[in-house]
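Numbering (numbering that gives the first Met the number 0), first residue to last: 0 to 307.
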Amino acid sequence: MRVLIVGAGLAGLAASLALTSKNEDVQVVIIERRPNFESRGATFGLAKNGQASLEEIAPKVCTKLVERGLFIPQSGAYMLPWWVVRDALLEEVRSREDRIAIHLGVTMDEVTESGIDEPMVVTFEGSDMIVEADMVIGADGVHSHVRQNILKLPPARSSNAFVWRGSIDMNTSESLRQFKDYPLAKMDKFGDTISLAYFNFQPKVEGKLAWVTTVRMEEEPNSRNISYESGKTTPLDVIESYMKSVDTPGEDLQQKYENAKLLLGNTHQPSDLTFSTEMCVVDLDQDHGWGGEGRITLIGDAAHSVRP
0 MRVLIVGAGL
10 AGLAASLALT
20 SKNEDVQVVI
30 IERRPNFESR
40 GATFGLAKNG
50 QASLEEIAPK
60 VCTKLVERGL
70 FIPQSGAYML
80 PWWVVRDALL
90 EEVRSREDRI
100 AIHLGVTMDE
110 VTESGIDEPM
120 VVTFEGSDMI
130 VEADMVIGAD
140 GVHSHVRQNI
150 LKLPPARSSN
160 AFVWRGSIDM
170 NTSESLRQFK
180 DYPLAKMDKF
190 GDTISLAYFN
200 FQPKVEGKLA
210 WVTTVRMEEE
220 PNSRNISYES
230 GKTTPLDVIE
240 SYMKSVDTPG
250 EDLQQKYENA
260 KLLLGNTHQP
270 SDLTFSTEMC
280 VVDLDQDHGW
290 GGEGRITLIG
300 DAAHSVRP
């Protein structure tokens with residue numbers, strides 16, 4: 000059985016491991032539109048059911064993540080940086096190179112079916128590569144190409160919330176060391192619609208602190224004068240716009256602002272400041288709103304993206 004997985008995020012990588020763990024006759028091809036595996040993302044909660052699933056399909060990955068994760072007693076989950084989870088899954092996928100192939104910088108074009116007993120033929124934009132597959136799995140996120148362009152399902156609806164994610168290395172300067180005293184999770188609010196979350200992975204992941212900035216545009220009063228332009232607006236732009244709208248910021252708000260400037264001004268990957276995600280949600284009440292059709296299916300955010 001030949002399976003094509005579109006998207007090399009957590010869902011796509013985990014699906015490839017699941018398919019090759021219990022089925023010796025399965026061959027998997029993963030395609031990813033991005034040209035490399037960057038350290039994007041912020042935080043990931045490995046819940047009990049996730050631990051059980053990983054133990055079944057990739058026990059070495061599960062052990063590694065439990066060892067590196069910060070334990071949450073209330074839920075039994077482990078909190079980890081997103082990229083640590085991705086890299087652990089990727090390492091295991093690459094160890095199965097005889098059964099799983101990965102192609103980066105590739106975007107699906109068309110899927111042609113000539114009959115249920117014949118493989119689907121998949122072509123790619125600007126490439127001569129052709130993949131024959133008995134099943135196609137869309138694991139390509141909120142703005143799924145498979146969902147919208149292959150299955151022709153309605154796209155996910157905007158929730159008017161925009162999110163930026165990144166991280167810092169607290170060991171790079173004395174001024175950043177203050178963040179080491181932060182708890183595992185800390186949230187600073189700027190008005191009712193802007194939040195800046197800090198996730199401190201000390202001591203399991205030395206020096207790493209992840210951050211997430213979320214802005215809900217539909218709730219922001221016009222007087223705040225906050226605008227958004229994809230690929231240009233940074234979280235600091237949004238926070239600064241809010242601060243300018245406050246006549247007399249209190250000491251606590253001013254300190255939050257100073258911390259935000261320090262954090263965002265030292266983010267590990269500067270492109271994180273302009274790389275944002277518009278959070279969307281799939282309307283599960285619509286016909287065929289969930290999953291896929293025939294031999295093409297959807298998983299993860301491609302199938303059921305939810306509000307942040």
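Just so it is clear, CB atoms sit at the ideal spot from N, CA and C, and this is done for glycine as well.
Quiz prompt | Cβ pair count under 8 Å reaching 3, the segment 34-47 against the segment 150-167 | solution = Verdict: yes, contact present.
Practice problem: Report the rounded CA-to-CA distance for Glu112 versus Val120, giving the unit in angstroms. | Solution: The residue given as residue 112 occupies position 113 in the sequence shown. The residue given as residue 120 occupies position 121 in the sequence shown. C-alpha separation (whole angstroms): 7 Å.
Quiz item: Quick one: what does DSSP say Phe274 is sitting in, helix, strand or coil?
Solution: The residue given as residue 274 occupies position 275 in the sequence shown. Here Phe274 sits in coil by DSSP.
Self-check item: Beta-carbon proximity of Gly68 to Lys260, cut-off 9 Å
Solution: For this step, residue 68 is matched to residue 69 along the sequence shown. For this step, residue 260 is matched to residue 261 along the sequence shown. Contact flag unset, no.
Quiz prompt | DSSP-derived helix/strand/coil call for Phe36 | solution = Counting from one through the sequence shown, the residue named residue 36 turns up at place 37. Looking at Phe36 - three-state DSSP - the assignment turns out to be coil, as it is neither helix nor strand.
Self-check item: Classification of Pro234 by the beta-carbon crowding that lies within 10 angstroms, buried from 16 upward
Solution: What you label residue 234 is simply residue 235 of the sequence shown in a count that begins at 1. The residue in question, Pro234, is buried, as its Cβ has 16 or more Cβ neighbours within 10 Å.
Exercise. State the start and end residues of the unbroken beta strand (DSSP E) segment that holds His102.
Key: If you number the sequence shown from 1, residue 102 lands on position 103. 99-103 is the extent of the beta strand (DSSP E) around His102.
Quiz item: Excluding sequence positions up to five away, which residues of its chain have a Cβ less than 7 Å from the Cβ of Pro118?
Solution: The residue given as residue 118 occupies position 119 in the sequence shown. Arg1, Glu131, Ala132, Asp133, listed in sequence order.
Exercise. Tell me whether Ala13 is buried or exposed, calling it buried when 16 or more other Cβ atoms sit within 10 Å of its Cβ.
Key: Numbered from 1 along the sequence shown, position 14 holds the residue referred to as residue 13. Flag for Ala13 reads buried.
Quiz item: Whole beta strand (DSSP E) runs in the segment 53-138 with 3 or more residues, listed along the chain?
Solution: Fully contained in the segment 53-138 are the following beta strand (DSSP E) runs of length 3 or more, in chain order: 69-71, 76-80, 99-103, 107-111, 119-123, 129-132, 134-137.
Exercise. Just tell me which of Arg98, Asp97, Pro182, Leu64 has its CA closest to the CA of Asp86.
Key: Your numbering for residue 86 matches position 87 in the sequence shown. Of Arg98, Asp97, Pro182, Leu64, the smallest CA-CA separation from Asp86 is found for Leu64.
Practice problem: Would you please state the rounded distance, in angstroms, between the beta carbons of Leu103 and Arg176? I believe it to be under 8 Å. | Solution: In the sequence shown, counting from the first residue as 1, residue 103 sits at position 104. In the sequence shown, counting from the first residue as 1, residue 176 sits at position 177. In fact, because the Cβ distance is near 36 Å, the residues do not count as touching under 8 Å.
Exercise. Report all residues from its chain with a CB closer than 6 Å to the CB of Leu195; omit the five preceding and five following residues, and keep chain order.
Key: Within the sequence shown, residue 195 is the residue found at index 196, counting from 1. Correct list, in chain order: Asp187, Thr212, Ala259.
Practice problem: Give the C-beta separation of Val5 and His144 to the nearest angstrom, bearing in mind that I take them to be a contact with Cβ-Cβ under 8 Å. | Solution: Sequence index remark: in the sequence shown, residue 5 carries index 6 (1-based). Sequence index remark: in the sequence shown, residue 144 carries index 145 (1-based). Confirmed, about 7 Å.
Quiz prompt | Rounded separation between Leu18 and Gly11 - CA only | solution = Looking up residue 18 in the sequence shown gives position 19. Looking up residue 11 in the sequence shown gives position 12. Between Leu18 and Gly11, the C-alpha separation is close to 11 Å.
Quiz item: Is Gln201 helix, strand or coil by DSSP?
Solution: Indexing the sequence shown from 1 puts residue 201 at position 202. DSSP, read as helix, strand or coil, puts Gln201 in coil.
Quiz item: What is the DSSP secondary structure of Asp246, reduced to helix, strand or coil?
Solution: Numbered from its first residue, the sequence shown carries residue 246 at position 247. It is coil, neither helix nor strand.
Practice problem: Please state whether DSSP places Lys188 in a helix, a strand or coil. | Solution: Here the question's residue 188 lines up with position 189 in the sequence shown. Under the three-state reduction of DSSP output, Lys188 falls in the strand class.
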